[in-house]
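Q: Offset between the sequence shown (1-based) and my numbering: plus 589. Yeah, the Cβ is synthetic: ideal placement off N, Cα and C, and Gly gets one too. Before anything else, here's the structure in question.
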Amino acid sequence: MREFVLLLPLVILLAPLAGCGVGEAGANTEESPAAAVPVVTATPVRGPAYAFHAGTTHLETDSEAAVVAKVGGEIVQFLVEEGQSVKAGQVVARLDKDRYRLLADQAKADLNRLSQEYRRNVQLHERGLVSQGAFENLRFDLEAMDAAYKLASLDLEYTDIRASIDGVVSEKVGRVGNTVAAGDVVLRISDSSALLAYLRVPQRDLFRFSAGQKAELTLDALPGQPRAAEILRVSPRVDSETGTVKLSLGVGNSDGQLRPGMFARVRIVYDVHDEALLVPASAVLAEDAQPAVFVLENGIARRREVTTGLASGEKIEVTSGLQGTEQVIVVGQEAVRDGTPVIDQEADGDIRQQI
C-alpha cells in the first residue's frame, strides 16, 4: 500500500508529458498538401469546322472503245504503242491486203465488162433488137456488180484499222503475225480527258449529297497534288444487300496526268461551321459518355462538361460548356481530377500555347 502511494505522484507528473508526446506524433502523421500536377494549357480559337465523308475508289473512264477488225486477216503492222495518244480515224494497225486487193480488182474488171455490155445493149434496145426483159436484167446485173465492187473496195479499205475515238491506247490485244477474224478486238483506246470515280455511301447519309457538290481527291501516284471533283449523279436506288447508295463523281484531267485504274481517296464536305469554337480533340475526355474538358482556374483543375460538334483536323468544335476565354488543359488532362492542384508548365515560361 505504501508503494502505491509513493508512485501515484510520479504517474500524475508524467501524464501531461505523455499526452504531449502523443500529440506531436499525431501532428506528424497528418497528410501534407498534394503536389501540383504539371500540365499544358491552350486557349480555344475560332475557325471553320467540317463534316465530311471519306472513302476510297479507283478512277475509271466511261469512254473506252474496243477497236475491232472489220475484216479477217493477218496483222502485219502496228502503228501505235500503249500510252500513245491517237485521234479518231487515225490508222493504228494494218492487215495483209493482198487477198482483198485481188478481190477488188476482180470486181472492178467484172464491172467494166458489164458496163461495156450494157452500153452496147442500150443502142440495140433503142432499135428494138433487145427485149425489154433482157435489157432490164442486164441493168440489174450491172447494179449488182457495181455494189459488189464497192463492197470489195470497202473490205480493202478495212484492212487499215482505224481509231474510233480520240484518246490514249490503253491496251494492245493483238500482235503482229496474229490472224484475226472480223469482230476481234485488236486494241483498246481510253478517252481520259475526263474520268469518273464511283463511291458508295451509307443510306443514312443519302440526303447529304447532291449533284454539283464539290469533292477532293488525293492519289498515291501524285502525292501532294489534290484534285478537284464534282458529284455528277446520286443513284436513286439503295443497294438492298449493302445498304449503300452509289455516287458518280467527275474528275477533270486537263493535264493528262491521271490514268484509269489509279487508286484515289475521296473527301466530300457536306457541312461547314465557319466560326466554330475549337479545342484539340485530345483535350476532350469522355467519362460516362459525357464529354468534358479540364480548365485551369487559379492553379486548380476544374472539370467542365461540354457538347461537341464538327471536327476540324485534330481539333473539335465545342458548342456548349466553354466561353472561349478559358485555359483548357491539353496535356496532362488524364492525370487530373476536379480540384487537383496543377501548374501550367508553359505559362511559367511565358510561352502560352495557342491552338
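For the candidate residues Asp794, Val757, Val669, whose alpha-carbon lies nearest to that of aspartate 780?
A: Numbered from 1 along the sequence shown, position 191 holds the residue referred to as residue 780. Residue Val757 is the option with its Cα nearest to aspartate 780.
Q: What's the C-alpha gap between aspartate 555 and valine 626?
A: The requested residue 555 is not part of the displayed model; the chain covers only 590 to 944.
Q: Output needed for threonine 908: all residues of its chain with C-beta closer than 6 Å, excluding positions within five of it in sequence on either side, in chain order.
A: In the sequence shown, residue 908 corresponds to position 319, counting from 1. Excluding residues within five positions, the ones whose Cβ falls inside 6 Å are Thr896, Gly898.
Q: So who's on the other strand from isoleucine 905, going by DSSP bridges?
A: Position 316 of the sequence shown holds residue 905. Paired residue(s): Val868, Ala900.
Q: Which stretch, first to last residue, makes up the beta strand (DSSP E) that contains glutamate 935?
A: Here residue 935 refers to the residue found at position 346 of the sequence shown. Not the beta strand (DSSP E): glutamate 935 falls in the alpha helix (DSSP H), residues 934–937.
Q: On the criterion of 16 or more Cβ atoms from any shown chain inside 10 Å, does leucine 596 qualify as buried, or is it exposed?
A: As a first step, residue 596 must be located in the sequence shown, where it is residue number 7. Reliability fails at leucine 596, whose pLDDT of 34 lies under 50, so the model's placement of it is uncertain and no value is given.
Q: In or out: glutamine 721 buried (at least 16 other Cβ within 10 Å) or exposed?
A: Along the sequence shown, read from residue 1 onward, the residue named residue 721 stands at position 132. Flag for glutamine 721 reads exposed.
Q: Does asparagine 767 get closer than 8 Å to chain B when you measure Cβ to Cβ?
A: The chain inventory of the structure shown lacks chain B, comprising one protein chain alone.
Q: In angstroms with no decimal places, state the Cα-to-Cα distance between phenylalanine 641 and leucine 743.
A: The residue labelled residue 641 in the question sits at position 52 within the sequence shown. The residue labelled residue 743 in the question sits at position 154 within the sequence shown. Rounded to the nearest angstrom, the two C-alpha atoms are 57 Å apart.
Q: In this structure, how does DSSP classify glutamate 746 when only helix, strand and coil are distinguished?
A: By one-based count along the sequence shown, residue 746 stands at place 157. Looking at glutamate 746 - three-state DSSP - the assignment turns out to be helix.
Q: When every heavy atom of the ligand ATP is checked, does at least one fall within less than 7 Å of the C-beta of alanine 881?
A: What this structure holds is no ligand at all, so the ligand ATP is not there to describe.
Q: What does DSSP give as the partner residue(s) for phenylalanine 641 in the beta ladder?
A: As a first step, residue 641 is located in the sequence shown; it is residue number 52 there, counting from the start. Per DSSP, Val858.
Q: Looking only at DSSP bridge pairs, what is alanine 837 linked to?
A: As a first step, residue 837 must be located in the sequence shown, where it is residue number 248. First, the amino acid is wrong: residue 837 is serine here, not alanine. BP columns for serine 837 point to Tyr787, Arg822.
Q: Less than 8 Å between C-beta atoms, sequence neighbours within five positions excluded: which residues of the same chain meet that for valine 925?
A: Mapped onto the sequence shown, residue 925 falls at position 336. Val626, Val628, Phe883, Ala890, Ile918, Val931.
Q: Assign serine 759 to buried or exposed, taking buried as 16 or more other Cβ atoms, counted over all protein chains shown, within 10 Å of its Cβ.
A: Taking the sequence shown and counting its residues from 1, one reaches residue 759 at position 170. Answer is buried; the Cβ neighbour count reaches 16.
Q: Grab me the residues of alanine 770's own chain with a C-beta within less than 6 Å of its C-beta, minus the 5 sequence neighbours each way, in chain order.
A: As a first step, residue 770 must be located in the sequence shown, where it is residue number 181. Contacts found: Gly661.
Q: List the DSSP bridge partners of glutamine 879.
A: For the purposes of this step, residue 879 is taken as residue 290 along the sequence shown, with counting starting at 1. DSSP output for glutamine 879 lists Glu876 as bridge partner(s).
Q: Would you mind stating whether leucine 821 and threonine 646 have Cβ atoms separated by less than 8 Å?
A: To locate residue 821, count along the sequence shown from 1; it is residue 232. To locate residue 646, count along the sequence shown from 1; it is residue 57. No, the pair does not count as a contact, with Cβ atoms beyond the cut-off.
Q: If the criterion is Cβ atoms closer than 8 Å, does the pair alanine 786 and lysine 676 meet it?
A: Within the sequence shown, the letter at position 197 stands for residue 786. Within the sequence shown, the letter at position 87 stands for residue 676. Taking 8 Å as the Cβ cut-off, alanine 786 and lysine 676 do not qualify as a contacting pair.
Q: Please report the straight-line C-alpha distance between valine 834 and lysine 803, rounded to a whole angstrom.
A: The sequence position of residue 834 within the sequence shown is 245, counting from 1. The sequence position of residue 803 within the sequence shown is 214, counting from 1. One C-alpha to the other measures close to 17 Å.
Q: Taking the beta carbon of aspartate 687 as the centre, do at least 16 other beta carbons fall within 10 Å, making it buried, or is it exposed?
A: In the sequence shown, residue 687 corresponds to position 98, counting from 1. Exposed.
Q: Using 8 Å as the cut-off, can you tell me whether the segment 726–736 makes contact with the segment 697–707, which would need three or more C-beta pairs spanning the two stretches below that distance?
A: Touching, per the Cβ criterion.
Q: When the distance is taken between beta carbons, is valine 855 closer than 8 Å to isoleucine 750?
A: For the purposes of this step, residue 750 is identified with residue 161 of the sequence shown, where counting begins at 1. For the purposes of this step, residue 855 is identified with residue 266 of the sequence shown, where counting begins at 1. No, they are not a contact pair.
Q: DSSP state of phenylalanine 798, grouped into three classes?
A: Position 209 of the sequence shown, counting from 1, holds the residue named residue 798. Phenylalanine 798: coil per DSSP, three-state reduction.
Q: On the DSSP bridge assignment, give the partners of alanine 655 in chain order.
A: Taking the first residue of the sequence shown as 1, we reach residue 655 at position 66. Beta-bridge pairing links alanine 655 to Arg777.
Q: Would you call glutamate 670 buried or exposed, if buried means 16 or more other Cβ atoms sit within 10 Å of its Cβ?
A: Taking the sequence shown and counting its residues from 1, one reaches residue 670 at position 81. Classification for glutamate 670: exposed.
Q: What are the start and end residues of the beta strand (DSSP E) that includes threonine 831?
A: The residue you call residue 831 lines up with position 242 of the sequence shown. Unbroken run through threonine 831: none, as it is neither H nor E.
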